[in-house]
Amino acid sequence: MKKLTELKKVVSNPYAYVRKYKKQSGKKVVGYFCSYAPEELIWAAGALPLRMFGTSENIHLADTHLQSYCCSLVRGILEEALANRLDFLDGVVFPHTCDSFQRLSDIWRLNITGQFHIDVVLPVKLDTPSAKRYLYDVLEKFRKDLGDALGVKITDKMLAKSIKTYNKIRRLIATLYELRSKNPQILSGADFHAIIKAAMIMDRDYFLEALSEIVGQLKKAKPAKATGGAKRLVISGSVCSHPDIYDIIENSGGVVVGDDLCTGYRYFEGIMDEKKPPLKAITKRYLDRIICPAKHFQLKERGENLIRTVKKSKADGVVFLLLKFCDPHAFDYPYIKEMLEAKKIPCLLLDMEAELPPVGQLQTRFETFVQIL
Amino acid sequence: MKKSISDFLKMVLIFLAGKFKKFTMRFKKSKTMKDYMMVYYSDAKSARLTGRKVAWITSGGPVEPLIAMNVIPIYPENHGAMIGASKMGGSLCEKAEAMGYSADLCSYARSDISCATINGGPIGGLPKPDMLVCCNNICGTVLKWYEVQARYFNVPLFILDTPFCHTEYTNEAAKYVRAQFDEYIVFLEKVCKKKFDFERLKEVGHLSHQGQLLWQAVLDTATNKPSPMSAFDAFYHLALIVTLRGTQDVIDYYTQLVAYMKNRIARGIGAVPNEKYRLLWDNIPIWHRTRWLSEKFAAHNACLVADTYTTAWCGALKYIDENRFLDSAAEAHARIYLNIGIDEMAKMVLEMIDKYDVDGFVLHSNRSCKPYSFGQLDIQRIVEKERGIPCLMLEADMTDERSFSESQISTRIDAFMEIIKERKNK
Ligand code: SF4
Ligand code: SF4
Ligand code: SF4
Numbered sequence: 020m021k022k023l024t025e026l027k028k029v030v031s032n033p034y035a036y037v038r039k040y041k042k043q044s045g046k047k048v049v050g051y052f053c054s055y056a057p058e059e060l061i062w063a064a065g066a067l068p069l070r071m072f073g074t075s076e077n078i079h080l081a082d083t084h085l086q087s088y089c090c091s092l093v094r095g096i097l098e099e100a101l102a103n104r105l106d107f108l109d110g111v112v113f114p115h116t117c118d119s120f121q122r123l124s125d126i127w128r129l130n131i132t133g134q135f136h137i138d139v140v141l142p143v144k145l146d147t148p149s150a151k152r153y154l155y156d157v158l159e160k161f162r163k164d165l166g167d168a169l170g171v172k173i174t175d176k177m178l179a180k181s182i183k184t185y186n187k188i189r190r191l192i193a194t195l196y197e198l199r200s201k202n203p204q205i206l207s208g209a210d211f212h213a214i215i216k217a218a219m220i221m222d223r224d225y226f227l228e229a230l231s232e233i234v235g236q237l238k239k240a241k242p243a244k245a246t247g248g249a250k251r252l253v254i255s256g257s258v259c260s261h262p263d264i265y266d267i268i269e270n271s272g273g274v275v276v277g278d279d280l281c282t283g284y285r286y287f288e289g290i291m292d293e294k295k296p297p298l299k300a301i302t303k304r305y306l307d308r309i310i311c312p313a314k315h316f317q318l319k320e321r322g323e324n325l326i327r328t329v330k331k332s333k334a335d336g337v338v339f340l341l342l343k344f345c346d347p348h349a350f351d352y353p354y355i356k357e358m359l360e361a362k363k364i365p366c367l368l369l370d371m372e373a374e375l376p377p378v379g380q381l382q383t384r385f386e387t388f389v390q391i392l
Numbered sequence: 031m032k033k034s035i036s037d038f039l040k041m042v043l044i045f046l047a048g049k050f051k052k053f054t055m056r057f058k059k060s061k062t063m064k065d066y067m068m069v070y071y072s073d074a075k076s077a078r079l080t081g082r083k084v085a086w087i088t089s090g091g092p093v094e095p096l097i098a099m100n101v102i103p104i105y106p107e108n109h110g111a112m113i114g115a116s117k118m119g120g121s122l123c124e125k126a127e128a129m130g131y132s133a134d135l136c137s138y139a140r141s142d143i144s145c146a147t148i149n150g151g152p153i154g155g156l157p158k159p160d161m162l163v164c165c166n167n168i169c170g171t172v173l174k175w176y177e178v179q180a181r182y183f184n185v186p187l188f189i190l191d192t193p194f195c196h197t198e199y200t201n202e203a204a205k206y207v208r209a210q211f212d213e214y215i216v217f218l219e220k221v222c223k224k225k226f227d228f229e230r231l232k233e234v235g236h237l238s239h240q241g242q243l244l245w246q247a248v249l250d251t252a253t254n255k256p257s258p259m260s261a262f263d264a265f266y267h268l269a270l271i272v273t274l275r276g277t278q279d280v281i282d283y284y285t286q287l288v289a290y291m292k293n294r295i296a297r298g299i300g301a302v303p304n305e306k307y308r309l310l311w312d313n314i315p316i317w318h319r320t321r322w323l324s325e326k327f328a329a330h331n332a333c334l335v336a337d338t339y340t341t342a343w344c345g346a347l348k349y350i351d352e353n354r355f356l357d358s359a360a361e362a363h364a365r366i367y368l369n370i371g372i373d374e375m376a377k378m379v380l381e382m383i384d385k386y387d388v389d390g391f392v393l394h395s396n397r398s399c400k401p402y403s404f405g406q407l408d409i410q411r412i413v414e415k416e417r418g419i420p421c422l423m424l425e426a427d428m429t430d431e432r433s434f435s436e437s438q439i440s441t442r443i444d445a446f447m448e449i450i451k452e453r454k455n456k
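Here is the structure:
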């Protein structure tokens, strides 16, 4: 599949892609760091929303701003900026989520120059009338701030067009999830991960085209022979930018059939109502999407959602990938684990530092886990 | 394991007598901190018998409506400080870790979560809540922590969501926070099953404002040279403005305290007998080492005259307007020290450096508290650039004593004090 190869190339070196893209298209590039950034507005404004993943290598510049007990995602992103590797960004958008991101925004604003900086201070709770109203107000303010920064007026028409594109992408990704859940063999986990990542990097129109082509081909593809009872797993955590995980799981006799990641299903879930006033539709999507633990929606929503995901994807077990020093996820883990146990769903906890543990060690842990399933 | 009230009181007494012996001061014919806290905790512990409701509330939360409703507010963070001071944080945190909570989470939260399940800790656990009130103006941790407790105790949770003010308090945020104050009142009416008394709120609001002004007056006495009090005294006396804000008791106590400090000033008595160097402290105290640290600095003739932590309970005074209590409370809660950008925090630090005329800045890099600690390195740089005073960063944890390295910190303080001395004696 030519398109898949192309996507994988982009994902392996996103900055090279973006630099070239910028030159060719003349578009502006706006960086964001979290799946709560309302990127539909960025794309509507005619700029490319680019999700930043940071680096896990050789973090030293960030040490002069952030202590060692900060999560590697935040440290890694700051490192990239301080090392001047993000000079192609015209602006950055910080949605409010966890305490670490919150301070990253401040540090960024004070130390990284030459780009616009917008804080989108979203509500933390999403289940009350006043919070809903506030979210709408904040997005309206963002529309104006972003428009001012980019020098365009973001009209409803522009928003409606962007919504259509995003809806199409999200529907196709949902199809992709389904296809893979039924026939995990048709697409390797690593390739799947590459597609997901490309969705946060590439020109969204072009990506949509490529994705339709890929999904079309996969629909026709005859499933390869099932590899003999691979155990079906759901992964849960914050950001997973370790494509190797999928390979390691597959080599250990497992296969990932679903996830609760903000670089996964949490990012795609939720179709926007194309008949509603556009900003209302976007607001509703951010209210209704599966929450990340830095937000509040009832008391057991995340646990219930994970159980639903396990059931829907007929999974045998859950793997928690928790980034060290990530407070929101660490607080939720015990209760979700308890809920899973009550339903007799086995789970495995994998604490991750910036770098993954050695492959051999990981593989043994997965193999042991897969065996008990 | 159920403890009787008298057992409980005994523990509170022993705790207060033991931990803060040095700082307890007796005013003539007046109540001591110990007396107030005794009554407070005994009221709370016997709430079930007297039919009063108990609310657990975060330290930055709006307590005035609770007082107006005759609800007893309980502060798990204050309890966390007690746990830390009794050096019980390590073992309680360990229990939380065994429950599946990561050792990198805030140690107040960890120790409170495990304490609730065993009624452990220095005072045998806190009285059970009838409701939880969580204001996220200090951190996102409290949100997660209160969610845990709401599941555990199965009681209603009210979240006051105060949008972070990176550079501004937007109109949108103002509208949102104000609306939540109304929701808060509805919530209280529902849980307490009675109408809210707005007249009473006016009185409580007035007392709360007066209390904060008095607390500011207490802290202001430290501008004197020598300072009649140190930040370690402030850590101790803080308990009342946190726990009883909005009551007459706070006014009585701090009125006496101001008089006491002024008397010391008049007689030339300093908290550190031979005060030569004045320092500013940043972040939550290292509760399990307050005594040690205070003696350590005193041995260098250095007094920590002020701190950003206890100042937070009067830091938003400029926003308070008694006549528009609810409107101004909304703003005051959203704009407290931990809910603003680090450049604005640095500005406040610089103001404190000037006001208290300090020679050095000690920053506690607190593994437990990410919103307080991330950004400290930038604040430190701003202070060094703008005021040129030496800064010292100590890495520790406020409650969990397990990772504290006394010898290393001792050496670093000695080295820091050498720099200060050299600079001052030049
Ligand atoms: S886990 Fe939550 S806060 Fe972290 S990046 Fe994802 S959506 Fe954002
Ligand atoms: S949610 Fe967790 S992983 Fe994401 S930035 Fe915050 S602390 Fe880091
Ligand atoms: S110590 Fe920090 S993280 Fe913990 S509850 Fe207080 S403000 Fe929140």
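Protein chains in written order, with our numbering: chain A, 20 to 392; chain B, 31 to 456. Idealized CB from N, CA, C, for every residue including glycine.
Span of the beta strand (DSSP E) around residue i
i         : result
Lys15(A)  : This structure does not reach residue 15(A), given that chain A is present from 20 up to 392, and the question cannot be answered.
Ala85(B)  : Val84 to Ile87
Val171(A) : It is not in any beta strand (DSSP E) - Val171(A) carries neither H nor E in the DSSP assignment.
Cys165(B) : Met161 to Cys165
Cys366(A) : Cys366 to Met371
Pro297(A) : Not the beta strand (DSSP E): Pro297(A) falls in the alpha helix (DSSP H), residues Pro297 to Asp307.
Ile137(A) : Phe135 to Val139
Asp279(A) : Gly273 to Asp279
Phe194(B) : That residue, Phe194(B), is in no beta strand (DSSP E); it is neither H nor E in DSSP.
Contact test: residue i Cβ vs ligand 1 heavy atom, cutoff 8 angstroms
i         : result
Arg285(A) : yes
His348(A) : yes
Cys281(A) : yes
Leu55(A)  : Just to set this straight, residue 55(A) is Tyr in the shown sequence, not Leu. Tyr55(A) Cβ: within cutoff of ligand 1.
Ligand 2 heavy atom lying under 8 angstroms from the CB of residue i
i         : result
Cys311(A) : yes
Thr116(A) : yes
Cys169(B) : no
Cys344(B) : no
Cys345(A) : yes
Ser358(B) : no
Residues bridged to residue i (per DSSP)
i         : result
Ala426(B) : Asn396(B)
Trp311(B) : Asp337(B) and Val392(B)
heavy atom of ligand 3 below 8 angstroms from residue i C-beta
i         : result
Val172(B) : yes
Glu88(B)  : The sequence given here has Thr at residue 88(B), not Glu. Yes, ligand 3 has a heavy atom inside 8 angstroms of this Cβ.
Residues near residue i by beta carbon distance below 7 angstroms, same chain, minus five either side
i         : result
Pro33(A)  : Ile220
Cys199(B) : The amino acid occupying residue 199(B) in the given sequence is Tyr; Cys does not appear at that position. The answer, listed in chain order, is Glu361, Ala364 and Arg365.
Lys385(B) : Thr253
Ala111(B) : Trp317
8 angstroms contact criterion, which residue i and residue j should meet: CB distance rounded
i         : j         : result
Leu178(A) : Leu60(A)  : 7 angstroms
Phe434(B) : His318(B) : 7 angstroms
Arg275(B) : Gly241(B) : 5 angstroms
Thr285(B) : Leu244(B) : 6 angstroms
Lys187(A) : Leu227(A) : 6 angstroms
Range of the contiguous alpha helix (DSSP H) that encloses residue i
i         : result
Asp118(A) : Asp118 to Asn130
Gly379(A) : Val378 to Ile391
Pro95(B)  : Glu94 to Ala98
Tyr51(A)  : Counting along the chain, Tyr51(A) falls outside any alpha helix (DSSP H), though it belongs to the beta strand (DSSP E) covering Val48 to Tyr51.
Pro103(B) : Segment Ile102 to Ile104 is the beta strand (DSSP E) holding Pro103(B); no alpha helix (DSSP H) there.
Met291(A) : Looking at the DSSP string, Met291(A) is not in any alpha helix (DSSP H), and its letter there is neither H nor E.
Pro353(A) : Asp346 to Ala361
Same chain, Cβ closer than 6 angstroms to residue i, five either side skipped, listed in chain order
i         : result
Arg223(A) : Trp62 and Thr184
His239(B) : Ile350 and Glu352
Met358(A) : Gly322
Asn127(B) : Residue 127(B) is actually Glu in this sequence, not Asn. Same-chain partners within the cutoff: Ala133.
Residues near residue i in its chain [Cβ-Cβ closer than 8 angstroms; skip 5 each side]
i         : result
Val29(A)  : Tyr36, Ala217, Ile220 and Met221
Asp387(B) : Thr253, Lys255 and Arg308
Ile301(A) : Pro57, Glu59, Leu60, Leu158, Leu178, Ile182 and Met291
Trp343(B) : Gln242, Trp245, Leu268, Ile271, Val272 and Arg275
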